[in-house]
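Before any comments, here is the structure.
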Amino acid sequence: NAGVTQTPKFRVLKTGQSMTLLCAQDMNHEYMYWYRQDPGMGLRLIHYSVGEGTTAKGEVPDGYNVSRLKKQNFLLGLESAAPSQTSVYFCASTRPLAGVTGELFFGEGSRLTVL
Amino acid sequence: GENVEQHPSTLSVQEGDSAVIKCTYSDSASNYFPWYKQELGKGPQLIIDIRSNVGEKKDQRIAVTLNKTAKHFSLHITETQPEDSAVYFCAATNDYKLSFGAGTTVTVRA
């Protein structure tokens, strides 16, 4: 069982370039999330989705776009990368439990460096 | 939105001793408080969680306590072992968006 798979695992971009991070989950989870992790700042929510075809902004959405065309996939796009977007990105998925989130299952992360 | 503060940011303990990590939250409506452990190069994994109708929960060497009046909750690890060395995150929510603390790096000295 693969769980949550992120691709690519590493990427180096130049300022102004664009790229897409792909997240795929095989657990049939309704909810999916993109977080970024920076030293001393924990995990901050970028965007999330509560179902196929729906997305919403999280805590730090500026400079990112997302799409969820299929239930199992959640894409995170950077249209014009900036050095401030250098970070480790984590995708997670879950199903709701008693009105709140259930256990989040995380991918292994994608390390992005913007020069 | 919810604001979660976590202390300390680093913690070094002797193998066999106990470790305690404390978190406070701001939104009194929060009712779900999980703890995640992140090993080097991996994504976070849930280790224990507690809901607001419970004051304490224990699972082998780890336990979590919740004080809703004071809006704080804590993680306790007893008889620490080298494999407990990791980054630990607390989180809080009352819906489907978790707000995480900044993390505590725990180092267990042999």
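Going down the list, the sequences are from chains A and B. For the first sequence, this note's numbering begins at 406 and goes up steadily by one. For the second sequence, this note's numbering begins at 882 and goes up steadily by one. Ideal Cβ positions, reconstructed from N, Cα and C, are used throughout, including at glycine.
(request) Report the residue from Leu892/B, Gly982/B, Thr988/B whose alpha carbon sits nearest the alpha carbon of Cys904/B. (result) Gly982/B
(message) What residue range does the beta strand (DSSP E) around Ala461/A cover?
(response) 459-462
(message) Any beta carbon of chain B sitting closer than 8 Å to that of Met446/A?
(response) yes
(message) Please state the DSSP three-state secondary structure of Ser909/B.
(response) coil
(request) Please determine if the region 436-449 of chain A and the region 491-503 of chain A are in contact, where contact requires at least 3 C-beta pairs separated by less than 8 Å. (result) yes
(request) Taking only beta-carbon positions, decide if Gly512/A is within less than 8 Å of chain B. (result) yes
(request) Output the boundary residues of the beta strand (DSSP E) element that contains Thr412/A. (result) 409-412
(request) Measuring only between beta-carbons, confirm whether Phe970/B sits less than 8 Å from chain A. (result) yes
(request) In angstroms with no decimal places, state the Cα-to-Cα distance between Val945/B and Gly512/A. (result) 25 Å
(request) Decide if Lys918/B is buried, meaning its Cβ has at least 16 other Cβ atoms within 10 Å, or exposed. (result) buried
(request) Mind checking the region 907-920 of chain B against chain A and listing, in chain order, the residues whose C-beta falls within less than 8 Å of any C-beta there? (result) Asn912, Tyr913, Pro915, Tyr917
(request) Measure from the alpha carbon of Tyr440/A to the alpha carbon of each residue in Gly458/A, Gly468/A, Glu464/A, then state which is nearest. (result) Glu464/A
(message) Let's see if you can read the secondary structure: which residues bound the beta strand (DSSP E) around Glu508/A?
(response) Premise fails: Glu508/A is in no beta strand (DSSP E) and is neither H nor E.
(request) Closer than 9 Å by beta-carbon distance: list the chain A residues that pair up with Pro889/B, in chain order. (result) Result: empty, since nearest Cβ-Cβ is about 12 Å, beyond 9 Å.
(message) Quick check on the DSSP output: what are the complete beta strand (DSSP E) runs of length 3 or more inside the region 888-932 of chain B, in order along the chain?
(response) 891-895, 900-906, 913-919, 926-932
(request) Mind reading off the beta-carbon distance from Thr974/B to Glu883/B? Whole number of angstroms is fine, and I expect it under 8 Å. (result) 7 Å
(request) Look at Thr420/A and Val519/A and say whether their C-beta atoms are less than 8 Å apart. (result) yes
(message) Whole angstroms are fine: how far does the CA of Ser966/B sit from the CA of Val894/B?
(response) 10 Å
(message) As a quick exercise: from Phe970/B, Ala910/B, Ile902/B, Tyr969/B, pick the residue whose alpha carbon is nearest that of Asn934/B.
(response) Ala910/B
(message) For Gln941/B, count the other beta carbons within 10 Å of its own beta carbon; 16 or more makes it buried, fewer makes it exposed. Which is it?
(response) exposed
(request) Specify the secondary structure class of Glu937/B as computed by DSSP and reduced to three states. (result) strand
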